[in-house]
Amino acid sequence: MNRQELLDRLTQDVLGYVMHGHLSDDVLVESLKPEGLANRFDDYQTLIDLHFVLRDDVVAFVRELPQRLRQLETSTESRTRTARGTVRGKVNWSQTARVRSTQSPGDRSLFVCDTRTETYDTDENIVLKRLLATVYQAVENAQEYLDSEYEWVNEAWRGEEELLLELQKIMERNVHVRRIRDPEQYEPTDRMIVSSENSRQPVYREAAGLVREYRAIHRGESTAVRNLLEQTAITPDDEETLLELYVLFRFIATIEDLHGGEFTVSTIESGRQEIARLSGPKEIVLYHDTSGGDRGLSFRSVPEEKSDGELSRTEAVQRAAQRVARDYFGQQFQNHTGRPDVIVLEVVDEDAGSYEYFITEVKNSTRVDTIRSGIKETLEYLAFLRQDGEYVNGSEAGGAFFGDGSNGLLVVQDMPERETQPLSDQDGIGILQVGKLDEQLESILADIV
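Here is the structure:
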């Protein structure tokens with residue numbers, strides 16, 4: 349599969365990817381279920397806010413604000429006040445005479461005055477301030493992601509313009525914005541939004557449109573959410589990570605089809621271990637990119653409890669290398685085989701402590717040497733997988749180091765011109781070309797989950 353084919357097959361779960369990459373408008377989100385997104389993601393509101401402020405029209409709106417705020421419309425309010433001894437505004441002599449005669453006969457120090465004041469509290473400005481407050485709050489909610497050095501952050505909010513700082517200055521110090529009262533919780537009303545939509549000034553029309561869009565997104569309206577994801581999906585720059593992401597999403601979708609339930613998906617960010625969890629009679633957890641250490645999983649290849657005399661030559665080399673590196677750099681290291689790209693963890697009976705594991709390695713290649721390396725890595729993961737320090741497969745003295753032959757999978761790029769062994773005839777681990785993933789993954793996982 350090429351990059352565009354992978355992008356075309358991404359699911360709604362791409363909402364949760366916030367690692368290295370760039371904003372892509374090439375993503376067509378399959379099988380979108382907006383009504384379930386709020387429950388699907390454990391940080392849904394933050395993700396929605398993040399993607400909203402990444403929209404091109406939101407970024408452009410903030411970029412043009414400094415100039416536009418100097419041209420805000422105001423209105424005048426007329427007030428009639430009764431004062432004694434002072435005159436403020438224009439004296440209303442007819443009202444003054446009436447008040448003097450009815451309330452204070454003979455009091456020539458009493459005046460009724462008409463005053464006119466300029467106000468920023470127009471319907472259009474209330475809509476504008478609501479939008480600014482919404483964007484400002486959304487930026488604050490997503491600050492942990494916007495503080496990163498990822499390219500998609502620089503494309504939108506940082507870079508040379510530093511729009512984040514510009515927005516902060518506008519909200520905290522701009523005299524025009526500060527003169528507009530804070531909207532009530534129920535504002536802007538539909539009438540206010542319609543008034544803004546009919547304004548002659550583009551800033552008000554655009555503000556009204558963005559307020560409507562934001563509300564539609566948070567209501568979970570299908571078209572609004574789909575447009576948001578297709579405009580602001582963050583996709584990896586490198587095809588290796590994109591392929592891993594695609595495989596991860598296929599695992600999620602396939603297991604959901606098998607179980608009839610839905611995963612809770614975590615934000616896919618740097619350092620994150622648990623990505624998705626499906627609870628039920630069987631608890632299934634997916635990890636991506638790291639070793640799943642928060643569940644007691646590790647991939648140490650040299651048992652630390654062995655004495656030097658008990659080590660094999662290979663183990664002795666690894667321990668010596670670890671010791672030399674420790675002494676040279678002055679810090680501790682642990683021997684790991686690397687990191688698997690996808691782990692499916694299944695707890696069959698939590699009380700009995702019964703676990704089953706399925707490990708998948710992904711190689712975006714058709715080169716024989718690369719695939720051979722992937723086979724070796726997948727077998728290493730299976731052989732050295734530990735749960736709370738104990739080997740999961742086989743034992744120290746020997747045994748089924750790689751599970752029963754159905755615990756590992758290597759996904760590689762399509763090789764249409766090359767004849768390879770069918771999955772049913774393979775032994776030890778399965779090797780599957782990515783184009784066959786949809787049709788064969790369900791049968792692979794059926795006995796595992």
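In this note's numbering, the protein residues as written are 349 to 797.
Ideal placement from N, C-alpha and C gives every residue a C-beta, glycine not left out.
ask   = Is it a yes or a no for the segment 585-592 touching the segment 561-574, going by three-plus beta-carbon pairs under 8 angstroms?
value = No: the two stretches stay apart, fewer than three of their Cβ pairs being nearer than 8 angstroms.
Inset, instruction - Starting from the Cα of Arg436, find the closest Cα among Arg416, Thr424 and Thr463 and give me that residue. - result: Thr463
Proximity to Arg553 [Cα-Cα], best of Leu458, Leu476 and Asp586: Leu476
**Message:** Please state whether the Cβ-Cβ distance between Met763 and Thr718 is less than 8 angstroms.
**Reply:** Against a cut-off of 8 angstroms, the Cβ pair of Thr718 and Met763 comes out as no contact.
- Does DSSP put Ala431 in a helix, in a strand, or in coil? strand
Please name the residue or residues paired with Lys438 in a DSSP beta bridge.
According to the DSSP secondary-structure assignment, Lys438 is paired through a beta bridge with Asp462.
Checklist entry - Which class does Leu581 belong to by DSSP, given the choice of helix, strand or coil? => result Note on residue identity: the sequence assigns Ala, not Leu, to residue 581. In the structure shown, Ala581 sits in a strand (DSSP, three-state: E or B).
So which of Val797, Gly657 and Val559 has the shortest CA-CA distance to Ser702? Val797
**Prompt:** Is Ser442 buried or exposed, if buried means 16 or more other CB atoms sit within 10 Å of its CB?
**Reply:** exposed
According to DSSP, which residues form a beta bridge with Ala624?
Val613 and Leu634
- Item | Per-residue burial, Val584 [other beta carbons within 10 Å of its own, 16 or more giving buried] | A small correction: the amino acid at residue 584 is Pro; Val does not occupy that position in the sequence shown. Classification of Pro584: buried, given that the 10 Å Cβ count is 16 or more.
Could you pull out every residue in the same chain whose Cβ sits closer than 8 angstroms to the Cβ of Thr424, ignoring the five residues on either side in sequence? Arg464, Thr465, Glu466 and Thr467
Query raised in the report: Expressed to the nearest angstrom, what Euclidean distance is found between the alpha-carbon atoms of Ser614 and Ile623?
Result: Each residue's alpha carbon lies about 5 angstroms from the other.
Smallest Cα separation from Ile616: which of Gly364, Gln352, Glu353 and Met349? Closest option to Ile616, judged by alpha-carbon separation, among Gly364, Gln352, Glu353 and Met349: Gly364.
Item to complete: Rank Leu758, Ala668, Ile474 and Leu558 by C-alpha distance to the C-alpha of Arg539 and give the top, closest one.
Response: Ile474
**Message:** Tell me which residue opens and which closes the alpha helix (DSSP H) that Val410 is part of.
**Reply:** Asp404 to Arg416
| request: Look up Lys711 in the DSSP assignment and give the residues it is bridged to. | output: Val760
State the Cα-Cα distance for the pair Leu789 and Gly369, rounded to the nearest angstrom. 27 angstroms
_Let's test the definition: count the other Cβ atoms within 10 Å of the Cβ of Val672 and tell me whether it reaches 16, buried, or not, exposed._
exposed
- In whole angstroms, what separates the C-alpha of Thr708 from that of Arg598? 12 angstroms
Which value, in whole angstroms, describes the spacing of the CA atoms of Tyr392 and Glu492?
-> 15 angstroms
- Query: When DSSP labels each residue in this structure, what does Arg667 get in the three-state scheme?
  - Reply: helix
CB contact flag (Glu472, Ser544, <8 angstroms): The answer is yes: Cβ separation under 8 angstroms.
Worksheet entry | Rounded separation between Arg448 and Pro531 - CA only | 40 angstroms
**Prompt:** With 16 as the cutoff for other CB atoms within 10 Å, does Lys517 come out buried or exposed?
**Reply:** Counting of Cβ neighbours within 10 angstroms places Lys517 among the exposed residues, the total staying below 16.
Note to self: Our contact map puts Leu606 next to Leu634 with C-beta atoms below 8 angstroms; I'd like the distance itself, whole angstroms only.
What the structure shows: The Cβ separation is near 14 angstroms, so there is no contact.
* Distance, Cα to Cα, Thr428 vs Phe459? -> 10 angstroms
Checklist line | Same chain, Cβ closer than 7 angstroms to Arg478, neighbours up to 5 away in sequence not counted | finding: Pro531, Glu535, Pro536 and Val559
Expressed to the nearest angstrom, what Euclidean distance is found between the alpha-carbon atoms of Leu767 and Asp675?
Before going on, a small fix: residue 767 reads as Glu here, not Leu. Computed Cα separation, rounded: 49 angstroms.
Tell me, please, which residues DSSP counts as bridged to Gly778. In DSSP, Gly778 forms a bridge with Leu757.
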